[in-house]
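Since the structure comes first, as structure tokens, the remarks are kept for the end.
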Amino acid sequence: MPLHFASPRELPADVAGTAPLRSTPRPERLAEPLAIRGPRAVRAAEVLGLHSAGDLLEHVPFRHESRSEARSISSLASGEDGTVICEVRRIASRPTRRRGLTLAEATVADESGVMKATWFNQPWLVDQLVPGTRVVLHGRYEGKNRFRVTEHELAAGAVGGGGHSTGLVPVYPATHGLTSMRLRALAWELRDEVHQSVEPLPSALRLAEGLADRPACLAAAHFPQRESEELEARRRLAFEELLLLELSVAGRRRARREAGSAAPLVGDGRLVGPWLDELPFTPTDDQRAAFSALDRDLGRAQPMQRLLMGEVGSGKTVVALHAMLRTLESGGQAVLMAPTETLAGQHLATLDRLLGGRTPIELLTGSTPAARRRDLLGRLESGELGLIVGTHALIEEPVRFRALGLCVVDEQHRFGVRQRAALDAKAPVGLAPHVLHMTATPIPRTLQLTAYGDLDVTVLRELPADRRPVHTHVVNGARARARAYDRVREEIARGRQCFVVCPLVEESEALQARAATVEYERLAANEFRDHSVALLHGQMPPAAKAESMRAFASGAADVLVATSVIEVGIDVPNATVMIVEAAERFGLSQLHQLRGRVGRGAHESLCILFGDPKLPRLRAIAAERDGFRLAEIDLELRGAGDVLGTRQAGLPQFRVARLPEDAPLLERARERADELLDSDPALEAPEHVLLRETVAERFGSERQPIAA
3 MPLHFASPRE
13 LPADVAGTAP
23 LRSTPRPERL
33 AEPLAIRGPR
43 AVRAAEVLGL
53 HSAGDLLEHV
63 PFRHESRSEA
73 RSISSLASGE
83 DGTVICEVRR
93 IASRPTRRRG
103 LTLAEATVAD
113 ESGVMKATWF
123 NQPWLVDQLV
133 PGTRVVLHGR
143 YEGKNRFRVT
153 EHELAAGAVG
163 GGGHSTGLVP
173 VYPATHGLTS
183 MRLRALAWEL
193 RDEVHQSVEP
203 LPSALRLAEG
213 LADRPACLAA
223 AHFPQRESEE
233 LEARRRLAFE
243 ELLLLELSVA
253 GRRRARREAG
263 SAAPLVGDGR
273 LVGPWLDELP
283 FTPTDDQRAA
293 FSALDRDLGR
303 AQPMQRLLMG
313 EVGSGKTVVA
323 LHAMLRTLES
333 GGQAVLMAPT
343 ETLAGQHLAT
353 LDRLLGGRTP
363 IELLTGSTPA
373 ARRRDLLGRL
383 ESGELGLIVG
393 THALIEEPVR
403 FRALGLCVVD
413 EQHRFGVRQR
423 AALDAKAPVG
433 LAPHVLHMTA
443 TPIPRTLQLT
453 AYGDLDVTVL
463 RELPADRRPV
473 HTHVVNGARA
483 RARAYDRVRE
493 EIARGRQCFV
503 VCPLVEESEA
513 LQARAATVEY
523 ERLAANEFRD
533 HSVALLHGQM
543 PPAAKAESMR
553 AFASGAADVL
563 VATSVIEVGI
573 DVPNATVMIV
583 EAAERFGLSQ
593 LHQLRGRVGR
603 GAHESLCILF
613 GDPKLPRLRA
623 IAAERDGFRL
633 AEIDLELRGA
643 GDVLGTRQAG
653 LPQFRVARLP
663 EDAPLLERAR
673 ERADELLDSD
683 PALEAPEHVL
693 LRETVAERFG
703 SERQPIAA
């Protein structure tokens, strides 16, 4: 079916607004249950989200195999893959020498010759492919007149046969119990039903973007006649998918700005001004731009929802403290919530150092002693205490604030929606707090527009002038290890310190990786027996963790053996060597964060990764220092759903769109979504009714499809 593009003469009445479109239910044929037999196949269909005929039409192939021409039997060459159309003469099944396996063997023929076709473990084919049946066989000709079949289907003209086994043959996302071949047969049976698919995109938009109509694109996505036809169909369906998402996130962003009320935090400069003047460094241009952006947001009566991200060491904490001091100037209270006690403690130390005793700041965690907790809760409720850092303990019921104005949520993707909402609820009745989300991991542009599309974004790329580059090496083998330990001892002799990071806490037989506890004992008894070695991991008691971190931060410990608990928030300028064991077990962005724990002082620093130097992830971290570029590489290597754990953080599973490959299409969809909502904020115009309801069906309630 050739693709059909809208032209000006063909624009229907919905564009002119003369005839309002009505929402129509999914056509009856597409709403019917999918015709699948067998409990295993039914369960497999449920896993794939295929419940109706319409679901199957939306389950588009992820690629097509080119089987452009059927071959004659006589033209097949040994070792060659091919497709033949032939007739079954005889068929039988027998057991093989390998116990439990069967071999189905058929004599098949066409006008050019005869050969043996074989299938493993499919004895039922004897009843299915009776003599006289015409079939399409795809597989490999093994020579000596034998053809090993990988796929077969009934040929066109045969009872139950189709015409979908040659040409560009679709390959579908499948699962155990429901093969791609079976899905292809089911889709072929529904090929004439695509015209019932509802078109949600306004004709004017399709014309402007050069997009074919939806039914034609669905047909071409499944069974294209030419490769260019499939590519154009995929582009249109991917654009639609991305547009629906961008309409949803842009709508939520706009609804948030219009719905809630927050206390404007203007400030008078009495705290921020002197603090900036006395900083021991000059803020970067990026930091100053962030100060201005946050001042604008805080000064509004709508609650700020901003994401602050940046390169490792770019000074996100300084920006957050600027906003917290501005909150105090305005009579409000500010909190910083971190996901772990170790990180919260490090934030407290950093903020306290930056404040220089200018104003009190306290720590509240699950380990805070009862008497201390009662004192802190009383000071928060009275308003005496304006700044506090903590963990989930901040959202517990007894915690009350007099005038909570700003919440800084660090590593925000590690908190659930309910946890963040519980913190928001601590604000005065009728008001929402301003919220600054922070992440130490640079987020690729594609994820900014999808998983984080409802947040305003501030980016810090510029590093302080005194930051030294960290030299990174990927090594393996005993000689490299011995040299690495020599290098650490050389640094310790100069008065420096070293991190050793392991992927596990305890040894595991299943995972051949060094464990922190075992490595700590080994290093303390051998390579670093003449030095002080400390241990830090997440399963230690809070007091022990605090003591280890204190010893290392103060310089009392020369080496800190740890898990990835030290990935973010740890600031020890005297540390100059980072060793990472089993580096292949860490993500690319995680390795960049670990590397960022060194190079924070005035000394040359070194990152040594033990792993296979040929691995793409490790080659990338050794060659690239730009965290934003590494984030893009990470996205390319792992896919959008795995970066930052976004499969659990709200990133939808796309049926057609592919990120980051479709990043330009995503940008275009974002622009179109903003244009549509600028002209019709609620998508109430007649030409937008179907679009509105499609967004509602996919992302929200029918009454609040955009702002849900």
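Residue numbering for the sequence shown follows this note's numbering, beginning at 3 and increasing consecutively. Glycine is no exception: its CB is placed at the ideal position from the N, C-alpha and C atoms.
Is the separation between the beta-carbon of residue i and that of residue j shorter than 8 Å?
i: R328; j: D297; result: yes
i: A46; j: T177; result: yes
i: V337; j: V274; result: no
i: E343; j: T393; result: yes
i: V314; j: H53; result: no
i: A536; j: F554; result: yes
i: S263; j: A434; result: yes
i: D456; j: R258; result: yes
When DSSP labels each residue in this structure, what does residue i get in the three-state scheme?
i: R142; result: strand
i: A467; result: coil
i: Q227; result: coil
i: L590; result: helix
i: Q798; result: Outside the displayed range of the chain (3 to 710) lies residue 798, so it cannot be described from this structure.
i: P688; result: helix
i: G380; result: helix
i: E529; result: coil
i: H6; result: At H6, the pLDDT of 41 sits below 50, so the modelled position is not reliable; the number obtained from the coordinates is stated separately. Of the three classes helix, strand and coil, the one that applies to H6 here is coil, per DSSP.
i: A698; result: helix
i: M542; result: coil
i: F554; result: helix
i: I1; result: The shown model of the chain, from 3 to 710, leaves out residue 1, and the question about it has no answer.
i: D297; result: helix
i: R657; result: coil
i: H394; result: helix
i: S68; result: strand
i: R73; result: strand
i: A434; result: coil
i: E626; result: coil
i: G636; result: For the sequence presented, residue 636 should be read as Asp rather than Gly. Of the three classes helix, strand and coil, the one that applies to D636 here is helix, per DSSP.
i: G711; result: Because the chain is modelled from 3 through 710, residue 711 falls outside the range shown and cannot be assessed.
i: L693; result: helix
i: A564; result: strand
i: D412; result: strand
i: A671; result: helix
Please classify residue i as buried or exposed, where buried requires at least 16 other C-beta atoms within 10 Å of its C-beta.
i: G647; result: Only weak support is given to the placement of G647: the predicted model assigns it a pLDDT of 45, under 50, and the question is left unresolved by the model.
i: D560; result: buried
i: T98; result: exposed
i: E260; result: exposed
i: S250; result: buried
i: V268; result: exposed
i: A724; result: No answer is possible for residue 724: the residues shown for the chain start at 3 and end at 710.
i: K318; result: buried
i: L506; result: buried
i: A467; result: exposed
i: F723; result: Residue 723 is absent from the model: the chain starts at 3 and stops at 710.
i: G380; result: exposed
i: D288; result: buried
i: R1; result: The requested residue 1 does not occur in the structure, where the chain is confined to residues 3 to 710.
i: E243; result: buried
i: E521; result: buried
i: P446; result: buried
i: A484; result: exposed
i: Q541; result: exposed
i: L692; result: buried
i: F612; result: buried
i: E398; result: exposed
Indicate whether at least one CB of chain C lies closer than 8 Å to the CB of residue i.
i: T393; result: Given the protein chain composition of this structure (a single chain), no chain C is represented.
Query raised in the report: Which runs of the beta strand (DSSP E), 3 residues or longer, sit entirely within the segment 76-153?
Result: The beta strand (DSSP E) runs lying completely inside the segment 76-153 and spanning 3 residues or more are 82-97, 104-112, 115-122, 136-145, given in chain order.
Requested in this report: Could you pull out every unbroken beta strand (DSSP E) segment of at least 3 residues lying fully inside the segment 572-619, listed in chain order?
Outcome: For secondary structure counted as the beta strand (DSSP E) over 3 or more consecutive residues, the segment 572-619 holds these complete runs in sequence order: 577-582, 607-612.
**Report entry** In chain order, each beta strand (DSSP E) run of at least 3 residues that lies wholly inside the segment 158-215
**Finding:** Counting whole runs of 3 or more residues, the segment 158-215 contains the beta strand (DSSP E) stretches 169-173.
Requested in this report: Examine the Cβ distances between the segment 345-357 and the segment 570-581 and report whether three or more of them are shorter than 8 Å.
Outcome: With the cut-off at 8 Å, the segment 345-357 and the segment 570-581 touch.
Report task. Would you check if there are 3 or more beta carbon pairs closer than 8 Å linking the segment 211-225 to the segment 77-90? Result -> Touching, no.
Query raised in the report: Would you call the segment 621-641 and the segment 581-601 in contact, with 3 or more CB pairs under 8 Å?
Result: Of all C-beta pairs linking the segment 621-641 to the segment 581-601, three or more are shorter than 8 Å, placing the two stretches in contact.
Report task. Kindly provide the ranges of any alpha helix (DSSP H) runs that are 4 or more residues long and lie completely inside the segment 221-286, ordered along the chain. Result -> Listed in chain order, they are 229-261, 274-280.
Query raised in the report: Taking only runs of the beta strand (DSSP E) that begin and end inside the segment 301-371, which ones reach a length of at least 3 residues, in chain order?
Result: When DSSP assignments are scanned along the segment 301-371, the uninterrupted stretches of beta strand (DSSP E) that are 3 or more residues long and fall wholly within it turn out to be 307-312, 335-339, 364-366.
Query - Length at least 4, wholly inside the segment 473-511: the alpha helix (DSSP H) runs in chain order - result: Taking only runs of at least 4 residues, the alpha helix (DSSP H) segments lying wholly in the segment 473-511 are 480-495.
Query raised in the report: Any contact of the segment 653-671 with the segment 230-249, i.e. 3+ C-beta pairs under 8 Å?
Result: Using a C-beta cut-off of 8 Å, the segment 653-671 makes contact with the segment 230-249, since at least three inter-stretch Cβ pairs fall below that distance.
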